[in-house]
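Participant: For the sequence shown, the positions run 1 to 276 when full-length UniProt numbering is used.
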Amino acid sequence: MTLYDYGPITERPALDWPDGKRVAFYVGLNIEHFLPDEPSTSIWPIDVKPDALNHGWREYGARVGIWRTIDILDRYGVRASALVNSMVAESNPQIIKAGVERDWAWLSHGQTNSILHTGYEPDEERRILTDITSTIETATGKRPKGWMGPALTETHNTPELLGELGYRYVLDWTNDDQPYRLNVPGMLSVPYTLELNDLGLLLRGLSGPDFLQMVKDQYDVLREEGGRVMALALHPFVIGQPFRAKYLNLALEYIAAQSDVWLTTSDDIAAHHSTT
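1) Taking residue 104 as part of the alpha helix (DSSP H), name the residues at either end of that continuous run.
2) From the DSSP output, in three-state form, read off residue 147 for me.
3) For residue 126, which residues of its own chain have a beta-carbon under 6 Å away from its beta-carbon, when the five flanking residues on both sides are left out?
4) Is residue 142 closer than 8 Å to residue 167 when the C-beta atoms are compared?
5) Take residue 260 and list the residues in its own chain whose beta-carbon comes closer than 8 Å to its own, dropping the five residues that flank it on each side.
6) When the Cα atoms are used, what is the spatial distance from residue 4 to residue 169?
7) To the nearest angstrom, how far is it from the Cα of residue 14 to the Cα of residue 76?
8) Suppose the cutoff is 8 Å on Cβ atoms and the five residues either side in sequence are ignored; what does the same chain contact list for residue 251 look like?
9) Look at residue 81 and residue 26 and say whether their C-beta atoms are less than 8 Å apart.
10) Count the other CB atoms, across all protein chains shown, that sit within 10 Å of the CB of residue 130; report buried if there are 16 or more and exposed otherwise.
11) For residue 237, I'd like the list of residues in its chain whose CB is within less than 7 Å of its CB, leaving aside the five on either flank, ordered along the chain.
12) Going by DSSP, what residues sit across from residue 26 in a beta bridge?
13) For residue 85, count neighbouring C-beta atoms within 10 Å of its own C-beta (all shown protein chains included) and say buried if the count is 16 or more, exposed if not.
14) Count the other CB atoms, across all protein chains shown, that sit within 10 Å of the CB of residue 229; report buried if there are 16 or more and exposed otherwise.
15) Would you identify the three-state DSSP class for residue 48, choosing helix, strand or coil?
16) Exposed or buried, which one is residue 34 when buried takes at least 16 other CB atoms within 10 Å?
17) Using C-beta distances below 7 Å, list every residue in its chain close to residue 91, excluding the 5 sequence neighbours before and after it, in chain order.
18) Within a Cβ cutoff of 6 Å, which residues of the same chain sit near residue 173, ignoring the five residues on either side of it in sequence?
19) Would you call residue 205 buried or exposed, if buried means 16 or more other Cβ atoms sit within 10 Å of its Cβ?
20) Rounded to whole angstroms, what's the CA-CA distance from residue 68 to residue 112? Just pull it up for me.
21) Can you give me the Cβ contacts of residue 196 inside the same chain, cut-off strictly under 8 Å, excluding the 5 residues immediately before and after it?
22) Who pairs with residue 197 in a beta bridge, going by DSSP?
23) As an exercise, report each continuous alpha helix (DSSP H) stretch of at least 4 residues that is fully enclosed by the segment 114 to 161, in chain order.
24) Only counting the same chain, and skipping five residues up and downstream in sequence, which positions put a Cβ closer than 6 Å to that of residue 247?
25) Quick check on residue 219: does DSSP put it in helix, strand or coil?
26) Near residue 116, which residues of its chain fall below 7 Å by C-beta distance, leaving aside the five closest residues on each side in sequence?
27) Answer with buried or exposed for residue 132, where buried requires no fewer than 16 other C-beta atoms within 10 angstroms of its C-beta.
28) Do residue 185 and residue 200 have their CB atoms nearer than 8 Å?
29) Taking the beta carbon of residue 192 as the centre, do at least 16 other beta carbons fall within 10 Å, making it buried, or is it exposed?
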């Protein structure tokens with residue numbers, strides 16, 4: 001059985017959002033844990049332990065960048081869809097507390113971004129997923145409904161095992177502008193983005209004004225088409241840098257000013273699609 005079937009967007013019925021809105025917009029806010037002696041996202045790859053250069057760059061997100069990003073989200077009434085590594089519950093509880101106070105949606109994002117979610121036998125994976133889920137539920141007071149693996153990783157069994165634990169959707173398959181059903185009972189794929197992703201901006205050397213124009217152009221085209229999801233993927237150690245945060249503020253100012261946008265979360269997008 002394949003995980004999903006091919007379904008061209010031109011052959012689907014119209015997708016309507018609440019109150020006649022044209023675009024469902026959500027922010028996927030990556031709240032991640034990193035091990036200092038393990039490789040992960042790097043600004044300057046280097047093979048030393050401890051890797052103070054890259055670990056310090058990533059840790060800026062938890063110490064400073066997340067708080068700058070939260071201020072901007074608050075300014076425009078945007079509730080984050082928090083993609084959280086379960087180890088954050090112990091390492092950065094103040095971030096969890098801030099998200100709970102703001103009624104964020106909480107998605108499982110694996111244990112730590114230093115360990116990809118691959119290579120597990122089903123029983124081992126079931127145990128790991130159960131532990132991740134219970135840790136996030138205990139920390140946030142909400143059982144997560146969505147999943148995105150570290151670096152968008154899964155095993156062939158992940159969606160089915162997630163379904164057993166009460167999950168309703170995954171973000172790992174970035175192949176559509178609309179939610180669609182997986183060939184796993186009760187499970188959806190909800191759009192995420194690699195293109196409108198601050199890590200991509202960093203890796204491609206794009207500027208703040210480039211980012212702002214991309215956000216505007218993405219929204220304008222999706223609005224014209226209608227019935228689309230627009231995800232904005234953020235990492236506090238990237239977008240939380242002052243010279244980039246300035247343009248996040250301008251981008252969300254533009255989005256929030258649109259009369260035909262549904263400012264929402266990935267949880268609510270999945271719930272709405274499941275009832276239509």
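A virtual CB, placed ideally from N, CA and C, is assigned to each residue, including glycine.
Facilitator: Taking the coordinates as given:
1) Against the sequence shown, residue 104 aligns to sequence position 104. Unbroken run through residue 104: none, as it is neither H nor E.
2) Reading the sequence shown from its first residue, position 147 is the one you call residue 147. Strand, per DSSP.
3) Counting from 1 along the sequence shown, the entry for residue 126 is found at position 126. The residues are 161.
4) Translated into the one-based positions of the sequence shown, residue 167 becomes position 167. Translated into the one-based positions of the sequence shown, residue 142 becomes position 142. Cβ atoms of residue 167 and residue 142: not closer than 8 Å.
5) Along the sequence shown, one-based indexing puts residue 260 at 260. Counting only Cβ-Cβ distances below 8 Å, and skipping sequence neighbours, we find 20, 21, 22, 23, 223.
6) As a position in the sequence shown, residue 4 is number 4, starting the count at 1. As a position in the sequence shown, residue 169 is number 169, starting the count at 1. One C-alpha to the other measures close to 13 Å.
7) Stepping through the sequence shown from its first residue, residue 14 is reached at position 14. Stepping through the sequence shown from its first residue, residue 76 is reached at position 76. Spanning the two alpha carbons is a distance of roughly 29 Å.
8) Numbered from its first residue, the sequence shown carries residue 251 at position 251. Around residue 251: 211, 212, 215, 216, 232.
9) Locating residue 81 in the sequence shown gives position 81, counting from the first residue. Locating residue 26 in the sequence shown gives position 26, counting from the first residue. A contact, by the Cβ cut-off of 8 Å.
10) On the sequence shown, residue 130 is found 130 positions in, with the first residue counted as 1. With fewer than 16 Cβ atoms within 10 Å of its Cβ, residue 130 is classed as exposed.
11) Within the sequence shown, the letter at position 237 stands for residue 237. 57, 58, 60, 61, 65, listed in sequence order.
12) Taking the first residue of the sequence shown as 1, we reach residue 26 at position 26. DSSP lists 231 as partners of residue 26.
13) Position 85 of the sequence shown, counted from the start, is the residue given in the question as residue 85. The residue in question, residue 85, is buried, as its Cβ has 16 or more Cβ neighbours within 10 Å.
14) Indexing the sequence shown from 1 puts residue 229 at position 229. The residue in question, residue 229, is buried, as its Cβ has 16 or more Cβ neighbours within 10 Å.
15) As a position in the sequence shown, residue 48 is number 48, starting the count at 1. Coil.
16) Within the sequence shown, numbered from 1, the residue matching residue 34 stands at position 34. With 16 or more other Cβ atoms within 10 Å, it is buried.
17) Locating residue 91 in the sequence shown gives position 91, counting from the first residue. Only 33 meet the Cβ criterion.
18) Position 173 of the sequence shown holds residue 173. Answer for residue 173: 189, listed in chain order.
19) Position 205 of the sequence shown, counting from 1, holds the residue named residue 205. Flag for residue 205 reads exposed.
20) Locating residue 68 in the sequence shown gives position 68, counting from the first residue. Locating residue 112 in the sequence shown gives position 112, counting from the first residue. Each residue's alpha carbon lies about 22 Å from the other.
21) On the sequence shown, position 196 is the one that residue 196 refers to. So the qualifying residues of the chain are 214, 215, 218, 230, 231, 232, 233.
22) Translated into the one-based positions of the sequence shown, residue 197 becomes position 197. Looking at the DSSP assignment, residue 197 forms a beta bridge with 233.
23) 122 to 140
24) Within the sequence shown, the letter at position 247 stands for residue 247. 208, 211, 212, listed in sequence order.
25) Residue mapping note: residue 219 aligns to position 219 of the sequence shown, counting from 1. Helix, per DSSP.
26) Your numbering for residue 116 matches position 116 in the sequence shown. 150, 151, 153.
27) To locate residue 132, count along the sequence shown from 1; it is residue 132. Residue 132 is buried by the Cβ-count criterion.
28) For the purposes of this step, residue 185 is taken as residue 185 along the sequence shown, with counting starting at 1. For the purposes of this step, residue 200 is taken as residue 200 along the sequence shown, with counting starting at 1. Contact flag unset, no.
29) The residue labelled residue 192 in the question sits at position 192 within the sequence shown. Under this definition residue 192 is a buried residue.
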